[in-house]
Amino acid sequence: MIFCLLTILGTSFRPLTFTSSCVIDGGITIVVFFTILSTQTLRFSQGGLIIEAPTEADLQALEAEIGCLPKLEERFTVSRPKRRRPQIIILGVDNSVDKDHLLKGLLAKNHFLADSKNHALIDIIFPIKARRSTNWVASVDPGIYKLIFDQPGLYFEFSRLRFDNFFGVKQCHHCKRFGHTTKWCPRKEDTFCTRCGMDHPVDTCKDIICVNCTESNQRFKSGFNVNHGPKDKVNCNSFLRQKDNLIRLTDYGPSPGSSD
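Add 905 to a position in the sequence shown, counting from 1, and you land on the number used in the working numbering.
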């Protein structure tokens, strides 16, 4: 399924509900968009919404309706968000290999990683230290994403490197919440349990529960199982939801058989 995205940005955007209507400061009410168009909305960190629609026609209709409301158009910016490039993780690279060395070596042995003008279609981003080697996260051009996964590996010098998808869900190591890293944690001065992320000292922690799933159940009645740690990437529904959102905002290139 193809999802079409629209971003509505505004510093004073205060939606009261995402299900059937949206009341905005100044008395403007948007009522039918989200239900009739079968759209979904995601909170956006810059003070707005990302609206997801199942078809391009639905999104065009929504844009047209917003354009008919001058007061809304004056106060908010409506645009199509640029999708992320897909990311992969290249596994088992020798610790002596740096970023530039890896990129040059990959381009030399895997010609599909560059375009006809020899511009790289892969960008090496950052390393992740493993026990005896280094894993490297890279972003790739959407046009070659599927081609890469048709390969048995990526050739580098005299070896063939394994790789996999990488989903960089942001999670704070301090408070265990999603959406930011430890450096930007809004509650740096607060003390949290290092096991579960709740507001109690670790030595008083009796049962490990997930702070994210607990808060989701309290705020949205999600019904998530909470009997796991907040760093659990298999059983945590909150993490899986973050991962799904990341996938929806990523451009994986044209679908098989597409004329694009």
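Note that the Cβ used here is the ideal one computed from N, Cα and C, for glycine as well.
Please tell me whether K1075 and T1086 are closer than 7 Å, where the distance is taken between their beta carbons.
Taking 7 Å as the Cβ cut-off, K1075 and T1086 qualify as a contacting pair.
State yes or no: is the beta carbon of K1014 nearer than 7 Å to at least one beta carbon in chain D?
Note that chain D does not occur in the displayed structure, where there is just one protein chain.
Rounding to the nearest angstrom, what Cα-Cα distance links G997 and N1122 in this structure?
Whole-angstrom Cα-Cα distance: 39 Å.
Touching or not, the region 1129 to 1149 and the region 1056 to 1063, by the rule of three or more beta carbon pairs under 8 Å?
Segments in contact, no.
Just tell me which of N1117, D1069, I1027 has its CA closest to the CA of C1080.
When each option's Cα is compared against that of C1080, the closest is N1117.
Tell whether a beta-carbon distance below 7 Å holds between G1073 and R1067.
No, the Cβ-Cβ distance between G1073 and R1067 is not below 7 Å.
I'd like the ranges of any beta strand (DSSP E) spanning at least 3 consecutive residues and lying wholly in the region 1013 to 1098.
Within the region 1013 to 1098, the complete beta strand (DSSP E) runs of at least 3 residues are 1027 to 1034, 1039 to 1045, 1059 to 1061, 1064 to 1066, 1068 to 1070.
Nearest to F1071 by CA position, among D1046, W1041, G1048, is which residue?
Nearest C-alpha to F1071: W1041.
Out of T1039, C1141, E968, which has the shortest C-alpha to C-alpha gap to E1120?
Closest by alpha carbon: C1141.
What residue range is occupied by the uninterrupted alpha helix (DSSP H) comprising L1145?
L1145 -> alpha helix (DSSP H) spans 1142 to 1153.
D1046 and L1026 look like a contact to me (Cβ under 8 Å); what is the Cβ gap, rounded to whole Å?
At roughly 4 Å, the Cβ-Cβ gap stays under 8 Å, so D1046 and L1026 are in contact.
Run through the DSSP bridge pairs and tell me what R989 is partnered with.
Note: R989 sits in a beta bridge opposite T1155.
Given a cut-off of 7 Å, decide if Q1147 and F1083 are closer than it, judged by their beta-carbon atoms.
Yes.
Quick one: is C963 buried, meaning 16 or more other Cβ sit within 10 Å of its Cβ, or exposed?
A small correction: the amino acid at residue 963 is Asp; Cys does not occupy that position in the sequence shown. Answer is buried; the Cβ neighbour count reaches 16.
Going by the CB atoms, is the gap between D1069 and I994 shorter than 7 Å?
Yes, Cβ-Cβ distance for I994 and D1069 is below 7 Å.
Whole alpha helix (DSSP H) runs in the region 1097 to 1141 with 4 or more residues, listed along the chain?
Those alpha helix (DSSP H) runs which fall completely within the region 1097 to 1141 and span 4+ residues are 1116 to 1125.
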